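So the sequences go chain by chain: A and B. Each residue of the first sequence is one higher than the one before, counting from 7 in the working numbering. Each residue of the second sequence is one higher than the one before, counting from 7 in the working numbering. Here's the structure we're looking at; comments come further down.
Number of protein chains: 2
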Amino acid sequence: MSATTPGTSPDSAAAPVGRRERKKAATRRAIADAALRLFLERGYDAVGIREIADAADVSTTTLFKHFPVKEALVFDEDADQERRLLDAVRNRPAGQSVPAALREHALSSRLVAAGGGDDRFAAFAELVAATPALRDYGQKMWLRHTGALAEVIAEESGLAADDPACRALAHFALEAPRAVHGHDNPREAVARAFDLLEQGWSALTGRNI
Amino acid sequence: MSATTPGTSPDSAAAPVGRRERKKAATRRAIADAALRLFLERGYDAVGIREIADAADVSTTTLFKHFPVKEALVFDEDADQERRLLDAVRNRPAGQSVPAALREHALSSRLVAAGGGDDRFAAFAELVAATPALRDYGQKMWLRHTGALAEVIAEESGLAADDPACRALAHFALEAPRAVHGHDNPREAVARAFDLLEQGWSALTGRNI
DNA sequence: TCAATAAGTGCAACAGATAAACTTTTGAAG
DNA sequence: CTTCAAAAGTTTATCTGTTGCACTTATTGA
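Shown next as structure tokens:
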């Protein structure tokens with residue numbers, strides 16, 4: 007699933023060079039912060055665009071120049087997300103299969119982990135879980151990595167780059183958390199969904215790469 | 007994927023009893039027909055709700071009492087769809103596995119078949135394929151059968167009704183056509199996606215039911 | 001310095017969707 | 001047959017996300 011760092015985040019991207027870009031980034035974060043605060047206070051649907059724009063002291067036109075749609079205010083794009091996903095496959099431990107690597111990556115995600123620190127992230131996750139529009143949008147964004155993941159899978163497994171099995175595995179892996187959504191034990195459920203994929207993959211490819 | 011019978015369809019449901027229900031159904035079809043005609047003529051996004059309402063000679067409020075959202079005008083719900091899906095699993099040939107039955111069902115669907123009669127359905131399929139909002143909505147509707155399908159899978163395979171593997175297989179099977187979307191040979195691609203599931207399922211369940 | 005470019009503004013409008021109050025059928029019960 | 005309640009539909013107005021347009025301001029690179 008897509009993840010966001012709520013509030014002011016330690017910069018991971020390259021330092022903004024010009025004053026212009028710095029100001030732009032500041033405006034953007036002012037908007038996102040105001041939006042998240044209001045959403046958490048009163049719920050996603052109860053907060054309007056105009057209100058957010060007011061709180062961030064910008065016009066709605068400006069707001070939409072930074073975020074294409076309302077949902078994007080919550081899922082502030084994390085550029086590293088895709089890299090981490092692909093790395094999890096590429097740099098997996100020796101002897102581990104591709105689906106197994108994807109399973110580990112999914113299980114270590116903060117959204118399915120559910121434990122750990124009681125930071126603001128819990129509230130964020132709850133907001134997303136409680137808002138259908140946000141769940142859908144998050145999943146849609148998450149699926150945008152399907153193509154890239156399929157390519158990596160093809161490389162790692164030696165299959166043809168256009169083998170439909172690669173796309174299928176990529177898509178299914180990205181859908182796995184959603185597929186078993188609603189189960190009482192999320193970690194076990196996700197693991198079982200990946201078992202299905204792992205068994206199928208090893209049978210399909212012959213080996214256990 | 008979801009399917010609709012464009013235009014006036016031979017009635018499959020029970021005969022409408024009272025005059026009231028007949029009139030209601032007539033209004034509903036007038037709206038749906040007008041909408042589909044306009045969409046096919048000029049494209050989904052180029053036709054507004056008010057325009058459709060005018061063409062069907064009803065108010066927009068009435069329109070929305072029959073169809074909850076604009077997309078529903080195209081995906082006029084087919085009540086038999088789910089039954090056919092479940093039957094494909096329940097009444098599969100002896101010796102055929104559950105995933106294999108789902109694959110056959112998917113391959114026989116008019117949306118992936120792509121061949122056959124050159125009826126209005128081709129234009130309908132093209133409309134959906136060309137309109138992201140419609141693709142998304144159709145898939146969403148299609149996924150509503152996940153729960154029912156998972157239950158049937160559990161019955162047929164003897165697994166516990168709440169085994170996450172059942173939900174996973176159901177979800178993946180319903181996502182399969184979308185997973186391999188964009189491939190040059192859709193039938194082969196879909197078949198390969200189902201191969202992955204079939205191999206995994208037989209390994210997971212031990213037998214080849 | 002000066003034009004080009006990008007960010008931001010204000011305002012109006014559009015499109016999908018909903019609410020409230022009201023009129024007209026229709027079905028059915030007395 | 002009358003009467004009555006629910007359903008279907010209308011009117012009107014409004015809300016909300018989103019976009020277009022004309023305009024201002026600030027930054028930047030030449």
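For glycine and all other residues, C-beta sits at the position ideal for the given N, C-alpha and C. Since we're looking at a predicted model, the values are computed, not measured.
1. Evaluate residue 67 of chain A with the Cβ neighbour count: other Cβ atoms within 10 Å of its Cβ, from every protein chain shown; 16 or more gives buried, anything less gives exposed.
2. Should residue 65 of chain B be labelled buried (16 or more other beta-carbon atoms within 10 Å of its own) or exposed?
3. Over what stretch of residues does the alpha helix (DSSP H) that includes residue 143 of chain B continue unbroken?
4. Just tell me which of A/165, A/202, A/201 and A/108 has its CA closest to the CA of residue 180 of chain A.
5. Which of the residues in the stretch 153–180 of chain A, read from start to end, lie with their CB under 7 angstroms from any CB of chain B?
6. Taking just the CA atoms, how far does residue 126 of chain A sit from residue 26 of chain B?
7. Once DSSP output is grouped into helix, strand and coil, what is the label at residue 204 of chain A?
8. So with CB distances below 8 angstroms, who are the chain A contacts of residue 206 of chain B?
9. Chain B partners of residue 198 of chain A, CB-CB under 7 angstroms?
10. Give a yes or no on whether the minimum CB-CB distance between residue 59 of chain A and chain B is below 8 angstroms.
11. Is DSSP giving residue 82 of chain B helix, strand or coil here?
12. Let me know if residue 60 of chain B comes out buried or exposed under the rule of 16 or more other beta-carbons within 10 Å of its beta-carbon.
13. Report the three-state DSSP secondary structure of residue 212 of chain A (helix, strand or coil).
14. Reducing DSSP to helix, strand and coil, say where residue 26 of chain A ends up.
15. Using DSSP with H/G/I as helix, E/B as strand and the rest coil, what is residue 165 of chain B?
16. Please report how far the alpha carbon of residue 69 of chain A lies from the alpha carbon of residue 37 of chain A, in whole angstroms.
17. Exposed or buried, which one is residue 201 of chain A when buried takes at least 16 other CB atoms within 10 Å?
18. Going along chain B in order, which residues have a C-beta closer than 7 angstroms to the C-beta of residue 185 of chain A?
19. Which term fits residue 167 of chain B, buried or exposed, when burial requires 16 or more other beta carbons within 10 angstroms of its beta carbon?
20. Does the distance from the CB of residue 46 of chain B to the CB of residue 133 of chain B come in under 8 angstroms?
To lay it out plainly:
1. Translated into positions along the first sequence, residue 67 of chain A becomes position 61. Exposed, since its Cβ has fewer than 16 Cβ neighbours within 10 Å.
2. For the purposes of this step, residue 65 of chain B is taken as the residue at position 59 of the second sequence. Classification of residue 65 of chain B: exposed, given that the 10 Å Cβ count is below 16.
3. Translated into positions along the second sequence, residue 143 of chain B becomes position 137. Note, residue 143 of chain B: alpha helix (DSSP H), 138–149.
4. Sequence index remark: in the first sequence, residue 180 of chain A carries index 174 (1-based). With distances taken between Cα atoms, residue 180 of chain A lies closest to A/108.
5. 170, 171, 173, 174, 175, 177 and 178
6. Translated into the one-based positions of the second sequence, residue 26 of chain B becomes position 20. Translated into the one-based positions of the first sequence, residue 126 of chain A becomes position 120. Taking the straight line from one Cα to the other gives about 54 angstroms.
7. On the first sequence, residue 204 of chain A is found 198 positions in, with the first residue counted as 1. Note: residue 204 of chain A maps to helix in three-state DSSP.
8. In the second sequence, counting from the first residue as 1, residue 206 of chain B sits at position 200. Residues of chain A passing the Cβ test: 201, 202, 203, 204, 205, 206, 207 and 209.
9. Residue mapping note: residue 198 of chain A aligns to position 192 of the first sequence, counting from 1. Per Cβ cutoff of 7 angstroms: 170, 171 and 174.
10. Residue mapping note: residue 59 of chain A aligns to position 53 of the first sequence, counting from 1. So, not an interface residue.
11. Translated into the one-based positions of the second sequence, residue 82 of chain B becomes position 76. It is coil, neither helix nor strand.
12. Here the question's residue 60 of chain B lines up with position 54 in the second sequence. Exposed, because fewer than 16 other Cβ atoms sit within 10 Å of the Cβ of residue 60 of chain B.
13. Numbered from its first residue, the first sequence carries residue 212 of chain A at position 206. Secondary structure at residue 212 of chain A: coil, using DSSP grouped into helix, strand and coil.
14. Here residue 26 of chain A refers to the residue found at position 20 when the first sequence is read from its first residue. Residue state, collapsed to three classes: helix.
15. Residue 165 of chain B sits at position 159 when you count from the first residue of the second sequence. Three-state DSSP puts residue 165 of chain B in coil, outside helix and strand.
16. For the purposes of this step, residue 69 of chain A is taken as residue 63 along the first sequence, with counting starting at 1. For the purposes of this step, residue 37 of chain A is taken as residue 31 along the first sequence, with counting starting at 1. Distance from the CA atom of residue 69 of chain A to the CA atom of residue 37 of chain A, rounded to whole angstroms, is 7 angstroms.
17. In the first sequence, counting from the first residue as 1, residue 201 of chain A sits at position 195. Result: buried.
18. Mapped onto the first sequence, residue 185 of chain A falls at position 179. In chain order: 173, 174, 177 and 178.
19. Here residue 167 of chain B corresponds to residue number 161 of the second sequence, with the count starting at 1. Here residue 167 of chain B is exposed. Its C-beta has fewer than 16 other C-beta atoms within 10 Å.
20. Here residue 46 of chain B refers to the residue found at position 40 when the second sequence is read from its first residue. Here residue 133 of chain B refers to the residue found at position 127 when the second sequence is read from its first residue. Closer than 8 angstroms, so yes.
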